[in-house]
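Protein chains in written order, with the numbering used here: chain V, 9 to 396; chain P, 18 to 423.
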């Protein structure tokens, strides 16, 4: 068996058409967009055009789009940037318990410096209750952060309902849309968010480039100071090719969404059904319907997810489980624990995220491989328990 | 050292063994030179090698992350990954923080609080490297766990057992840490470095262009920087700071100690007692939270009682058996006779009295090169009756209590 890649929530391959769009800005038009000569003006124009395209694709104004180095920078900019800008108003943060580490750790960083942090609980499906957001808000709350869709279990949050609450109380809402951009239509006004974070490499664009939408009038301080690029919110010479690539990738993903997404949903449902049918004591996690079109997240009782993943890798299936730390080792997922799962079951979890190149044959192969591996691991665990 | 095959020559692959490329070996890679060369040797032999680095330290370990270069630091992971990439083997980092915390750190700390002197490397070998990691390796369909230990592990058809022999480099020999290995664990153990000297291992690393060739040997307890276990205890378990009385062996009160966990048998410094003669910790009495001190000759003992005995190269003993007995990791083995006692224990009597026999450490017995087995030191032996810990009755309880209150 060749390699089957089912970890598109981690990253996606660069679309060849995106690479084509990026190439001139690496090879030919390498000028620094802040410089005054012709080559530089071309680069500046390319960034401006990319900004317009991205704004148009998510229902924003070009002046509300800022380019960054990716999702982590965007999340940090949103959380710390708004917190610092609104510090005079109070030092309280409301963040969902299942946010990406980039949001959670930025909030905890502030917490260590005297901010108060309220973590919003989620239900067993991973959903945040908009009423709970209302109850968590205080006069000194600087911001609320709830992600659009969870990167592990794929649950899509009722952002519009949450935004109705935050808006009525005048508190900015930060939405990490890193997992949904390119897979679900995004309209910042329909969502009602004040900040929205996306990352190019999750939708077949290049790694190292992201964008942040900041609604006009939202107070925010920069993380990076310097040459005043990105209207002072993000200093540093722009990654012109990356920005062009992000815009092109998002454009393609949005244009092809209607063709790609129904196929992903079909494969996703085949994959989930196949696993549940072939593997006893398997459980599907996340919301049954309000979920990402490409995400299958399952837990297997009595199986060590780390061993499962490594075995799948050795057999040629690239998947994921829990959250990876810097060294690449796994710890029980904070998302699953927040959803009320036991540490033990959380350890036996597997995330499969599909992409546009996956096929039905691959789904069938993956189901067979997972079923065989889980069965073998369960047998082995029983015999080693006797032996050691 | 006639053979340099990379795999212990005593290792007889059965005639029906699959070809080496079908034998999967998980190498525990610390990022150091020994385990890197172990991986390289096995790969060269043609085994199906997988490298694994264990993430062991809990995230909230006090002082832990000051050690930038020790085992399981990020640097260690980077070094191990570089070696694995160079060898072209799959490489993973696995999270064993919980088992390490429970089986090694907590037991290490608990033992000190109970007045014992633990050896965390023994705990780690038995519970983690050849426990959790072996389980993980078997789950990955591996046949063996290999480590960079200087020990020779193999099957002896005449004895019908797996045996452990001292390494080719007597200065680096690590068989002491293998005394607790069961036959089932040894069956799945490879230690390719055991056939080489440290200098040869470094030379192989240089030949292979492994960047870790010149890395210094790690000497300290991996999760305790600067080997300062007392500072670690203070931060990790503040309740260890429980002062109590210091007595001499006749029960006279001499002063206060900071907490029994901060003392080990044979220790002279840090007692804070002004006395005419040099005083050493003779014994630690956890029940009375007391430290007993005495003269140098009172720190020497003729024998010791052993609990949790495990036999390695022999199935056991029927009667008095002459051995070389080693009472701590860095001690020289000394001539002794071991003898079974009713109830499964073993006593060890030395030809010459031994300095600072510390309950909690392991005593390990050798016959020439062969590691016979070992166990945990329960306490010193009184020459007269052969029972454990003859000191306990020397000081009447009443005297201690009275002295403690004065």
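Even glycine gets a Cβ: it sits at the ideal position worked out from N, Cα and C.
Compile a chain-ordered list of the residues in the segment 103-129 of chain P whose CB is closer than 8 Å to at least one CB of chain V.
Those would be 107, 109, 110, 111, 112 and 114, in chain order.
Test item: CB-CB of residue 329 of chain P and residue 94 of chain P under 8 Å
In the second chain, the residue the question calls residue 329 of chain P occupies position 312. In the second chain, the residue the question calls residue 94 of chain P occupies position 77. Not closer than 8 Å, so no.
Assign residue 304 of chain P to one of two classes, buried (16 or more other C-beta atoms within 10 Å of its C-beta) or exposed (fewer than that).
Within the second chain, residue 304 of chain P is the residue found at index 287, counting from 1. Classification for residue 304 of chain P: exposed.
Give me the Cα-Cα distance between residue 182 of chain P and residue 188 of chain P, rounded to the nearest whole angstrom.
Counting from one through the second chain, the residue named residue 182 of chain P turns up at place 165. Counting from one through the second chain, the residue named residue 188 of chain P turns up at place 171. Take the alpha-carbon of residue 182 of chain P and the one of residue 188 of chain P: they are about 14 Å apart.
Simplified DSSP assignment, three categories, for residue 375 of chain P
Along the second chain, one-based indexing puts residue 375 of chain P at 358. Residue state, collapsed to three classes: coil.
Are the segment 379-398 of chain P and the segment 330-337 of chain P touching, with three or more C-beta to C-beta distances below 8 Å?
Taking a cut-off of 8 Å on C-beta distances, the segment 379-398 of chain P touches the segment 330-337 of chain P, as three or more cross pairs fall below it.
Alpha carbon to alpha carbon, what distance is there between residue 118 of chain P and residue 397 of chain P?
Translated into the one-based positions of the second chain, residue 397 of chain P becomes position 380. Translated into the one-based positions of the second chain, residue 118 of chain P becomes position 101. Roughly 30 Å separates the two Cα atoms.
Report buried or exposed for residue 187 of chain V, applying the criterion of at least 16 other Cβ atoms within 10 angstroms of its Cβ.
The sequence position of residue 187 of chain V within the first chain is 179, counting from 1. Answer is buried; the Cβ neighbour count reaches 16.
Quick test of the definition: if touching needs 3 or more C-beta pairs under 8 Å, does the segment 255-271 of chain V touch the segment 202-213 of chain V?
Of all C-beta pairs linking the segment 255-271 of chain V to the segment 202-213 of chain V, three or more are shorter than 8 Å, placing the two stretches in contact.
In this structure, how does DSSP classify residue 397 of chain P when only helix, strand and coil are distinguished?
Walking along the second chain from the start, residue 397 of chain P turns up at place 380. Residue state for residue 397 of chain P is assigned as strand, using DSSP reduced to three classes.
Return the residue from the list P:356, P:301, P:75 and P:309 that minimises the CA-CA distance to residue 128 of chain P.
If you number the second chain from 1, residue 128 of chain P lands on position 111. Relative to the Cα of residue 128 of chain P, the nearest Cα in the group P:356, P:301, P:75 and P:309 belongs to P:301.
Own chain, CB closer than 6 Å to residue 370 of chain V, minus 5 neighbours either side, in chain order
The residue you call residue 370 of chain V lines up with position 362 of the first chain. Cβ within range, chain order: 12.
At the level of alpha carbons, what is the spacing between residue 340 of chain V and residue 153 of chain P?
Along the first chain, one-based indexing puts residue 340 of chain V at 332. Along the second chain, one-based indexing puts residue 153 of chain P at 136. C-alpha of residue 340 of chain V to C-alpha of residue 153 of chain P: approximately 17 Å in a straight line.
Which residues share a DSSP beta bridge with residue 111 of chain P?
Looking up residue 111 of chain P in the second chain gives position 94. Secondary-structure assignment with DSSP links residue 111 of chain P through a beta bridge to P:71.
List the residues of chain V that residue 155 of chain P touches, going by C-beta distances under 8 Å, in chain order.
Within the second chain, numbered from 1, the residue matching residue 155 of chain P stands at position 138. Those within 8 Å of residue 155 of chain P in chain V are 388 and 392.
CB-CB under 7 Å to residue 29 of chain V, same chain, minus the five flanking residues each way: which ones, in chain order?
Counted from its first residue, the first chain places residue 29 of chain V at position 21. The residues are 252, 253 and 256.
What first and last residue would you give for the alpha helix (DSSP H) that runs through residue 53 of chain P?
In the second chain, the residue the question calls residue 53 of chain P occupies position 36. Bounds of the alpha helix (DSSP H) holding residue 53 of chain P are 50-62.
Return the Cβ separation of residue 149 of chain P and residue 116 of chain P in integer angstroms, given the expectation that the two are a contact with Cβ distance under 8 Å.
Along the second chain, read from residue 1 onward, the residue named residue 149 of chain P stands at position 132. Along the second chain, read from residue 1 onward, the residue named residue 116 of chain P stands at position 99. So it is a contact: roughly 5 Å between Cβ atoms.
Helix, strand or coil at residue 24 of chain V [DSSP, three-state]:
Position 16 of the first chain holds residue 24 of chain V. Note: residue 24 of chain V maps to helix in three-state DSSP.
Any C-beta of chain V sitting closer than 8 Å to the C-beta of residue 294 of chain P?
On the second chain, position 277 is the one that residue 294 of chain P refers to. By this cut-off, residue 294 of chain P is not an interface position.
Residue 170 of chain V in three-state terms, based on DSSP
Here residue 170 of chain V refers to the residue found at position 162 of the first chain. Of the three classes helix, strand and coil, the one that applies to residue 170 of chain V here is helix, per DSSP.
Note down, one range per segment and in chain order, each alpha helix (DSSP H) of at least 4 residues found wholly within the segment 171-200 of chain V.
List check, alpha helix (DSSP H) in window: 196-199.
Should residue 322 of chain V be flagged as near chain P, meaning a C-beta pair shorter than 8 Å?
Taking the first residue of the first chain as 1, we reach residue 322 of chain V at position 314. At least one chain P Cβ lies under 8 Å of residue 322 of chain V.
Give me the Cα-Cα distance between residue 35 of chain P and residue 65 of chain P, rounded to the nearest whole angstrom.
Your numbering for residue 35 of chain P matches position 18 in the second chain. Your numbering for residue 65 of chain P matches position 48 in the second chain. The C-alpha of residue 35 of chain P lies about 12 Å from the C-alpha of residue 65 of chain P.
Using a 10 Å radius around the Cβ and a threshold of 16 neighbouring Cβ atoms, would you call residue 258 of chain P buried or exposed?
Taking the first residue of the second chain as 1, we reach residue 258 of chain P at position 241. Exposed, because fewer than 16 other Cβ atoms sit within 10 Å of the Cβ of residue 258 of chain P.
Per-residue contacts from residue 319 of chain V into chain P (C-beta, under 9 Å):
Here residue 319 of chain V corresponds to residue number 311 of the first chain, with the count starting at 1. Chain-ordered, the chain P residues with CB closer than 9 Å to the CB of residue 319 of chain V read 156, 157 and 158.
Would you mind telling me which residues of chain P sit closer than 8 Å to residue 259 of chain V, beta carbon to beta carbon, in chain order?
In the first chain, residue 259 of chain V corresponds to position 251, counting from 1. Per Cβ cutoff of 8 Å: no residues; residue 259 of chain V is ~37 Å from chain P at best.
Hey, is residue 232 of chain V's beta-carbon within less than 8 Å of any beta-carbon in chain P?
Taking the first residue of the first chain as position 1, residue 232 of chain V is located at position 224. Using beta-carbon distances, residue 232 of chain V does not count as an interface residue toward chain P, since no partner is under 8 Å.
From the DSSP output, read off the bridge partner residues of residue 100 of chain V.
Against the first chain, residue 100 of chain V aligns to sequence position 92. For residue 100 of chain V, DSSP records a beta bridge to V:124 and V:149.
Every unbroken beta strand (DSSP E) within the segment 41-79 of chain V, with a cutoff of 3 residues, ordered by chain
List check, beta strand (DSSP E) in window: 73-76.
Do the segment 152-168 of chain P and the segment 51-63 of chain P meet, that is, are 3 or more Cβ pairs less than 8 Å apart?
Proximity of the segment 152-168 of chain P to the segment 51-63 of chain P meets the contact definition, three or more beta-carbon pairs being nearer than 8 Å.
Starting from residue 385 of chain V, find everything on chain P with Cβ-Cβ shorter than 8 Å and list it in chain order.
Residue mapping note: residue 385 of chain V aligns to position 377 of the first chain, counting from 1. In chain order: 156.
Who pairs with residue 356 of chain P in a beta bridge, going by DSSP?
The residue labelled residue 356 of chain P in the question sits at position 339 within the second chain. The partner list for residue 356 of chain P (beta bridge, DSSP) reads P:364.
Could you please give me the residues that DSSP links to residue 157 of chain V through a beta bridge?
The count along the first chain starts at 1 and reaches residue 157 of chain V at position 149. Residue 157 of chain V is bridged to V:164.
Quick one: what's got a C-beta closer than 6 Å to residue 96 of chain P's C-beta in the same chain, skipping five residues either side?
As a position in the second chain, residue 96 of chain P is number 79, starting the count at 1. Taken in chain order, the residues that qualify are 48 and 229.
Go ahead and label residue 347 of chain P buried or exposed: buried means 16 or more other beta carbons lie within 10 angstroms of its beta carbon, across all protein chains shown.
The residue given as residue 347 of chain P occupies position 330 in the second chain. With fewer than 16 Cβ atoms within 10 Å of its Cβ, residue 347 of chain P is classed as exposed.
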